[in-house]
Amino acid sequence: MVVNFAVAGSTAIRHGFFVKNNLTLNKTPQSLQTQLTWFNKVLKAQGCRGTTATPECRSAFDDALIWVGEIGANDYAYAIGSSVPGTTIQQLAIKTLTGVLQALLTKGAKYVVVQGLPTIGCITLTMIFDPQEDRDDIGCLAGLNKQTYSHNAILQSKLQDLRTQFPHAVIVYADYWNTYRAIMKNPGKYGFKEVFKVCCGAGGGMFNFDFLNVCGSPSSTSCPNPSQYINWDGAHLTEAMYKVVSDSFLNGTSSHPPFHYLLSKKQQSG
Numbered sequence: 001m002v003v004n005f006a007v008a009g010s011t012a013i014r015h016g017f018f019v020k021n022n023l024t025l026n027k028t029p030q031s032l033q034t035q036l037t038w039f040n041k042v043l044k045a046q047g048c049r050g051t052t053a054t055p056e057c058r059s060a061f062d063d064a065l066i067w068v069g070e071i072g073a074n075d076y077a078y079a080i081g082s083s084v085p086g087t088t089i090q091q092l093a094i095k096t097l098t099g100v101l102q103a104l105l106t107k108g109a110k111y112v113v114v115q116g117l118p119t120i121g122c123i124t125l126t127m128i129f130d131p132q133e134d135r136d137d138i139g140c141l142a143g144l145n146k147q148t149y150s151h152n153a154i155l156q157s158k159l160q161d162l163r164t165q166f167p168h169a170v171i172v173y174a175d176y177w178n179t180y181r182a183i184m185k186n187p188g189k190y191g192f193k194e195v196f197k198v199c200c201g202a203g204g205g206m207f208n209f210d211f212l213n214v215c216g217s218p219s220s221t222s223c224p225n226p227s228q229y230i231n232w233d234g235a236h237l238t239e240a241m242y243k244v245v246s247d248s249f250l251n252g253t254s255s256h257p258p259f260h261y262l263l264s265k266k267q268q269s270g
């Protein structure tokens, strides 16, 4: 059985924080905590109740791979241009994520993959809001990429603490930041010709992105060759880009420990 609790536009931090700070932007109200609530409902249906690793919970998690995507990216994006410090977003997002991971591991989760944040400063949506002079060596937003790099460093430290606390579990960190950066430094190696311009959008120019006429609006069009683009609509990547990233996670060197280590531990446990 495969169950996906992801919600487009969701955040790590609870919705109330963004409302309080005037950062709603007609935003999705569901957060990571909502997704955990939904997950717990599925667990209850399998007899796993409460907060500890009961026999029913251990059975539910025995063959389960828990994959936690790059939660927190939307939190930073919604705060761009606001008075809310990036350090506040960082602290709250990581605290929420580690709390959710701790809850799952306490219930008996054994195999967990946690993605770090990508180089958010390379996403088209974020680039149109920041000054042209704030660029790094690959042409992306320097400040935001430094912020997400710091986020990932702290997250990895928290994951190491969880490994110590839950030695029965295999906790893999999927390094999205360095994977994305490596692709951006040599896009032609992976068949990409457009690194910033979106495939589906409107407006033309360097980005082909109009915040008021996004992909799906009457005036938007999609490119005939999406496999040559990294960005799909300004906020999401193309299938081609996701394929390269996922292959690096599963078969390459972007996961720590490697994903095949997790699989070998699973085989050893029967």
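For the sequence shown, counting from 1, position 263 maps to 263 in the UniProt record's numbering; every step adds exactly one.
The beta carbon of each residue, even a glycine, is placed where N, CA and C say it ideally should be.
Just so we're clear, the structure is a prediction, and the values are computed from it rather than from any experiment.
- For Leu141, no alpha helix (DSSP H) run applies, since DSSP gives it neither H nor E.
- Assignment of Gln160 by DSSP, reduced to helix, strand and coil, places it in the helix class.
- Spanning the alpha carbons of Ser227 and Gln268 requires a straight line of approximately 39 Å.
- Judged by their CB atoms, Tyr180 and Cys199 are not nearer to each other than the 7 Å cut-off.
- Within the same chain, Cβ atoms closer than 6 Å to the Cβ of Ala235 are found at Leu125, the five residues on either side in sequence being excluded.
- Sixteen is the threshold: when 16 or more other Cβ atoms of the shown chains lie within 10 Å of the Cβ of Glu70, as they do, the residue is buried.
- Check the Cα spacing between Pro257 and each of Pro224, Gln33 and Val113: the tightest is with Val113.
- By the criterion of a C-beta distance shorter than 6 Å, Val245 is surrounded in its chain by Thr179, once the five residues flanking it on both sides are discounted.
- Considering only Val2, Ala93 and Gln115, the residue with the shortest C-alpha distance to Val42 is Val2.
- Under the three-state reduction of DSSP output, Leu23 falls in the coil class, being neither helix nor strand.
- Taken through DSSP and simplified to helix, strand or coil, Trp67 comes out as strand.
- When the alpha-carbon of Asp233 is set against those of Ala202, Leu250, His260 and Ser254, the nearest one is in Ala202.
- When the Cα atoms are used, Gly191 and Asn251 turn out to be separated by approximately 19 Å.
- Around the C-beta of Gly108, 16 or more other C-beta atoms lie within 10 Å, and the residue is accordingly described as buried.
- The residue among Thr54, Cys57 and Thr148 with its C-alpha nearest the C-alpha of Gly86 is Thr148.
- Straight across, the Cα-Cα distance linking Leu105 with Glu239 is about 31 Å.
- Nearest to Ser31 by alpha-carbon distance, out of Phe17, Ala6, Thr11 and Cys215, is Thr11.
- For Ala174, the enclosing beta strand (DSSP E) begins and ends at Val170 to Ala174.
- Asn145 is a Cβ neighbour of Gly121, given a cutoff of 7 Å.
- Annotation for Gln102: the continuous alpha helix (DSSP H) segment containing it runs Gly86 to Lys107.
- By the Cβ test, the stretch 214 to 223 is not in contact with the stretch 129 to 140, since fewer than three Cβ pairs between them sit closer than 8 Å.
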